[in-house]
């Protein structure tokens with residue numbers, strides 16, 4: 001799934017939307033913005049917590065239900081449903097958490113399932129399309145790193161969770177916050193290149209050479225997933241996350257009977 005800076009730049013895009021600023025101007029305050037940014041990277045805390053994907057992301061690969069993951073989160077943990085009942089830092093965190101779920105499901109729907117998934121083969125490092133999958137994620141991370149506002153990492157580092165999630169302890173969120181902050185400060189996409197290259201038997205240099213060269217991407221990646229589809233994914237993910245954030249912070253909570261257009265998995 002998309003990596004940390006890809007999620008953070010999308011979160012910043014949502015925070016910059018006029019509709020979001022008008023509906024929740026308090027998200028511009030330092031504490032609430034930091035909480036939102038931490039939420040945007042927190043589902044991946046499972047990398048250190050050991051939680052299964054369904055426990056933090058609320059969907060499976062392949063998808064086994066048509067309920068959007070951000071709604072499944074609120075159904076599973078009803079105490080989070082009404083943002084107005086939470087303090088604003090927690091509400092901001094949950095809204096940010098939802099942006100991660102929406103982006104990951106959009107990635108699954110628009111990239112993984114139509115282009116990379118093979119029925120009957122387990123998804124993971126042994127999958128025939130895993131190498132291409134990681135190339136695409138690193139490519140998106142490169143694009144995100146170039147666009148991430150300079151003060152984002154400092155803002156993220158200031159987030160102080162206070163029992164914001166009923167299923168993840170604060171100490172784990174703090175450890176994950178510090179890991180993400182350190183990773184971006186100490187190398188960012190170069191460390192992501194190294195990590196994913198190791199899962200494919202490539203060198204970090206080979207991964208960097210492919211993802212940093214549009215000609216190589218055109219040879220290796222775009223015949224399967226065209227560049228236009230990747231750009232469309234980025235735009236659609238932000239559109240959907242904006243809608244989810246506005247619905248949640250606007251008091252709509254959960255629609256128990258229907259899905260909004262664009263939320264299908």
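In my numbering, the protein residues as written are 1 to 265.
Glycine residues also receive a C-beta, built at the ideal position from the N, C-alpha and C atoms.
Unbroken alpha helix (DSSP H) run spanning residue i, endpoints
i, result
"residue 90", "88-107"
"residue 125", "No alpha helix (DSSP H) holds residue 125; DSSP gives it neither H nor E."
"residue 133", "130-147"
"residue 239", "227-249"
"residue 75", "69-76"
"residue 42", "Unbroken run through residue 42: none, as it is neither H nor E."
"residue 210", "204-211"
"residue 160", "From DSSP, residue 160 is part of no alpha helix (DSSP H); its letter is neither H nor E."
"residue 182", "170-186"
"residue 7", "4-16"
"residue 224", "Segment: none, residue 224 is in no alpha helix (DSSP H) and carries neither H nor E."
"residue 192", "189-198"
"residue 56", "53-57"
Environment of residue i [buried if 16+ CB atoms lie within 10 Å]
i, result
"residue 34", "buried"
"residue 167", "exposed"
"residue 290", "Any question about residue 290 goes unanswered here, given that the chain covers just 1 to 265."
"residue 5", "buried"
"residue 75", "exposed"
"residue 48", "exposed"
"residue 118", "exposed"
"residue 108", "buried"
"residue 188", "buried"
"residue 68", "buried"
"residue 87", "exposed"
"residue 234", "buried"
"residue 85", "exposed"
"residue 155", "buried"
"residue 202", "buried"
"residue 232", "exposed"
"residue 104", "buried"
"residue 227", "exposed"
"residue 319", "The structure shown does not extend to residue 319, since the chain is modelled only from 1 through 265, so no value can be given for it."
Close-in-space but distant-in-sequence residues of the same chain around residue i (CB under 7 Å, 5 per side omitted)
i, result
"residue 192", "3, 138, 141"
"residue 149", "12"
"residue 254", "Any reading at residue 254 must be qualified, since the residue scores a pLDDT of 48, below 50, and its modelled position is unreliable; the value itself is stated next. For residue 254, where only same-chain residues beyond five positions count, the Cβ hits under 7 Å are 71, 74, 75, 81."
"residue 9", "144, 147, 148"
"residue 159", "34, 35, 37, 38, 177"
"residue 225", "111, 115, 136"
Neighbourhood of residue i by C-beta distance below 6 Å, restricted to the same chain and skipping five residues each side
i, result
"residue 97", "39, 42"
"residue 90", "164"
"residue 161", "170, 173"
"residue 100", "7, 40, 43"
"residue 17", "242"
Cutoff 8 Å; reference residue i; Cβ partners in own chain excluding five residues on either side
i, result
"residue 209", "216"
"residue 124", "130"
"residue 153", "181, 184, 185"
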